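Right, one structure below, let's go through it.
2 protein chains.
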Amino acid sequence: MGGEAAAQGRRILVAVDEGDESVQALRWCLGTFAAAARGDTVILLYVRPAPPTYSVLDASGYLFSEEVTAAIDRYSREVADAVVEKAQKLCTLYGKEEGEGDHEMKVEVKVAVGDARTVICHMADKLGADLLVMGSHGYGFFKRALLGSVSDYCLKNASCPVLIVKS
Amino acid sequence: MGGEAAAQGRRILVAVDEGDESVQALRWCLGTFAAAARGDTVILLYVRPAPPTYSVLDASGYLFSEEVTAAIDRYSREVADAVVEKAQKLCTLYGKEEGEGDHEMKVEVKVAVGDARTVICHMADKLGADLLVMGSHGYGFFKRALLGSVSDYCLKNASCPVLIVKS
Numbered sequence: 001m002g003g004e005a006a007a008q009g010r011r012i013l014v015a016v017d018e019g020d021e022s023v024q025a026l027r028w029c030l031g032t033f034a035a036a037a038r039g040d041t042v043i044l045l046y047v048r049p050a051p052p053t054y055s056v057l058d059a060s061g062y063l064f065s066e067e068v069t070a071a072i073d074r075y076s077r078e079v080a081d082a083v084v085e086k087a088q089k090l091c092t093l094y095g096k097e098e099g100e101g102d103h104e105m106k107v108e109v110k111v112a113v114g115d116a117r118t119v120i121c122h123m124a125d126k127l128g129a130d131l132l133v134m135g136s137h138g139y140g141f142f143k144r145a146l147l148g149s150v151s152d153y154c155l156k157n158a159s160c161p162v163l164i165v166k167s
Numbered sequence: 001m002g003g004e005a006a007a008q009g010r011r012i013l014v015a016v017d018e019g020d021e022s023v024q025a026l027r028w029c030l031g032t033f034a035a036a037a038r039g040d041t042v043i044l045l046y047v048r049p050a051p052p053t054y055s056v057l058d059a060s061g062y063l064f065s066e067e068v069t070a071a072i073d074r075y076s077r078e079v080a081d082a083v084v085e086k087a088q089k090l091c092t093l094y095g096k097e098e099g100e101g102d103h104e105m106k107v108e109v110k111v112a113v114g115d116a117r118t119v120i121c122h123m124a125d126k127l128g129a130d131l132l133v134m135g136s137h138g139y140g141f142f143k144r145a146l147l148g149s150v151s152d153y154c155l156k157n158a159s160c161p162v163l164i165v166k167s
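These protein sequences, in sequence, are chains A and Z. Oh and the first sequence: position 39 is 39 in UniProt numbering, straight run, nothing missing. Oh and the second sequence: position 26 is 26 in UniProt numbering, straight run, nothing missing.
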């Protein structure tokens with residue numbers, strides 16, 4: 001497995017989100033692991049939550065109108081764009097810092113919708129990742145207490161090795 | 001952090017034990033991560049349990065004599081030697097397979113005594129590891145159920161990024 005991956009260049013899936021830990025994971029991956037000269041591909045994956053598909057009552061009993069749900073969805077897309085743009089800039093920056101000469105880091109971007117935990121594991125499998133890199137969190141404190149962390153889930157369920165970077 | 005590590009060669013701590021998962025973790029590390037040409041150092045760490053320092057009653061009420069505790073300790077040392085020797089052979093083998101030419105992978109061996117969980121985290125810190133690589137287990141089923149897995153502990157407590165390889 002290892003030898004083949006090394007010869008073809010490795011496919012490194014980096015799960016990015018809004019948090020600092022994911023930025024740090026990407027920075028570590030680019031600075032210490034991924035090598036453009038070796039033909040590696042860095043795949044940036046951002047998973048945004050599914051948009052609300054039906055009107056729901058909020059705490060005060062009001063119905064969310066379609067405009068509100070559309071606005072939430074639009075906001076979620078804007079966040080995705082911002083996160084991905086920042087991550088791509090980091091990839092460009094580190095490619096230059098490494099002094100790789102003519103080699104340029106191959107970067108792919110994927111934005112998926114759904115539960116981050118299951119989507120990341122599914123994509124790692126589907127995209128043939130040799131390694132999954134992520135920060136150690138990925139949910140806020142309360143959601144993490146309820147669901148367990150995204151990284152814990154991926155450690156148990158991803159089909160490839162998982163690298164966890166902490167802040 | 002990443003840039004410096006890349007320039008100097010990375011220090012990769014691999015926790016090895018008797019299990020297949022640790023062999024697979026080392027193989028993955030050598031085949032996909034560590035690069036002799038880049039000046040990387042692979043540090044093999046085996047942690048063996050502390051020898052019994054006083055006589056204890058076994059289940060049937062007999063005292064372990066000093067000879068028995070000495071024999072247990074001797075056996076533990078033999079296991080350590082066997083694991084480390086196997087790991088070193090893998091390092092030599094993969095160095096050749098990679099066709100690194102004149103570069104030879106720098107390999108250091110450390111055998112420590114104590115609780116694997118705390119010793120691995122302590123050594124990662126003390127040895128200035130850029131990355132800790134390990135299998136996803138590291139205890140048998142019952143001990144893991146009681147203590148949690150070694151890898152879970154290290155993920156939470158190690159001061160460097162942790163890469164978990166599953167079988």
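We put the CB at the ideal spot given by N, CA and C, even for glycine. Everything numeric in this text was worked out from a predicted model, so none of it was measured.
Unbroken beta strand (DSSP E) run spanning residue i, endpoints
| i | result |
| --- | --- |
| Thr41(A) | Thr41 to Arg48 |
| Leu155(Z) | From DSSP, Leu155(Z) is part of no beta strand (DSSP E) but of the alpha helix (DSSP H) over Val150 to Asn157. |
| Leu163(A) | Val162 to Val165 |
Helix, strand or coil at residue i according to DSSP, with G and I counted as helix
| i | result |
| --- | --- |
| residue 174(Z) | Here chain Z comprises residues numbered 1 to 167, so residue 174(Z) is not present and cannot be evaluated. |
| Ala116(A) | helix |
| Gly135(Z) | strand |
| Lys110(Z) | strand |
| Asp73(Z) | helix |
| Ala25(A) | helix |
| Gly2(Z) | Interpretation of Gly2(Z) is limited by its pLDDT of 44, a score under 50 that renders its predicted location unreliable; no figure is taken from the coordinates. |
| Ala129(Z) | coil |
| Ala15(A) | strand |
| Ala34(Z) | coil |
| His122(A) | helix |
| Glu66(Z) | helix |
| Glu78(A) | helix |
| Thr92(A) | helix |
Selection from the options that minimises the alpha carbon distance to residue i
| i | options | result |
| --- | --- | --- |
| Leu45(A) | Ile164(A), Ile12(A) and Ala71(A) | Ile12(A) |
| Arg38(Z) | Val111(A), Phe33(A) and Thr41(A) | Phe33(A) |
| Ala116(Z) | Val68(Z), Val133(Z) and Ala15(Z) | Ala15(Z) |
| Cys121(Z) | Glu78(Z), Lys106(Z) and Lys156(Z) | Lys156(Z) |
| Val109(A) | Met123(A), Gly135(A) and Asp73(A) | Met123(A) |
| Glu85(A) | Glu104(A), Ala70(A), Ile72(A) and Val111(A) | Val111(A) |
| residue 171(Z) | Arg27(Z), Ile43(Z) and Gln8(Z) | Nothing in the structure corresponds to residue 171(Z), since chain Z is present only between 1 and 167. |
| Gly114(Z) | Leu132(Z), Ala80(Z) and Pro161(Z) | Ala80(Z) |
| Leu90(Z) | Ile164(Z), Ile72(Z), Val23(Z) and Asp73(Z) | Val23(Z) |
| Cys160(A) | Pro161(Z), Ser167(Z) and Ala158(Z) | Ser167(Z) |
| Ala50(A) | Ser65(A), Gln88(A), Val165(A) and Thr118(A) | Thr118(A) |
| Thr92(A) | Arg74(A), Ala35(A) and Asp73(A) | Ala35(A) |
| Leu131(Z) | Val162(Z), Cys29(Z) and Asp20(Z) | Val162(Z) |
| Ser151(A) | Ile72(A), Gln8(A), Glu21(A) and Glu104(A) | Glu21(A) |
| Asp125(Z) | Lys106(Z), Arg77(Z) and Cys154(Z) | Cys154(Z) |
| Glu104(A) | Asp17(A), Arg74(A) and Asp40(A) | Asp40(A) |
| Gly19(Z) | Ala82(Z), Glu67(Z) and Ala158(Z) | Ala82(Z) |
| Ile43(A) | Ala129(A), Val165(A) and Gly31(A) | Ala129(A) |
| Tyr9(A) | Val165(A), Val107(A) and Ser149(A) | Checking the sequence shown, residue 9(A) turns out to be Gly, not Tyr. Closest option to Gly9(A), Cα to Cα, is Val107(A). |
| Val47(A) | Val165(A), Tyr94(A) and Glu78(A) | Glu78(A) |
| residue 169(A) | Ser149(Z), Ala71(Z) and Val165(Z) | Residue 169(A) falls outside the range modelled here, since chain A spans only 1 to 167, and no answer is possible. |
| Gly31(Z) | Leu127(Z), Ser149(Z) and Tyr94(Z) | Tyr94(Z) |
| Cys29(A) | Glu66(A), Ala87(A), Ser149(A) and Ala158(A) | Ala87(A) |
| Asp17(Z) | Ala158(Z), Leu127(Z) and Ser76(Z) | Ser76(Z) |
Beta-bridge pairing of residue i - partner residues as DSSP gives them
| i | result |
| --- | --- |
| Glu85(A) | Its beta-bridge partners do not exist; DSSP assigns none. |
**Asked** Between the stretch 9 to 32 of chain A and chain Z, which residues of the former have a C-beta closer than 7 angstroms to a C-beta of the latter?
**Response** Within the stretch 9 to 32 of chain A, contact with chain Z at the beta-carbon level (separation under 7 angstroms) is assigned to Arg10, Arg27, Trp28, Leu30, Gly31 and Thr32.
**Message:** Give me the subset of the stretch 120 to 140 of chain A whose CB atoms are less than 8 angstroms from a CB atom of chain Z, sorted by chain position.
**Reply:** Correct list: Asp130, Leu131 and Ser136.
**Prompt:** Taking Cβ-Cβ distances below 9 angstroms as the criterion, which residues of the stretch 34 to 51 of chain A are in contact with chain Z?
**Reply:** Across the stretch 34 to 51 of chain A, CB contacts with chain Z closer than 9 angstroms involve Ala35 and Arg38, in sequence order along the chain.
**Request:** Select from the stretch 79 to 94 of chain Z all residues with a C-beta closer than 9 angstroms to any C-beta belonging to chain A, and list them in chain order.
**Result:** Residues Tyr94.
**Asked** What are the residues of the stretch 147 to 166 of chain Z that lie near chain A, defined by any Cβ-Cβ distance shorter than 9 angstroms?
**Response** Taking 9 angstroms as the Cβ-Cβ cut-off against chain A, the residues of the stretch 147 to 166 of chain Z that qualify are Ser151, Asp152, Leu155, Lys156, Ala158, Ser159, Cys160, Pro161, Val162, Leu163, Ile164, Val165 and Lys166.
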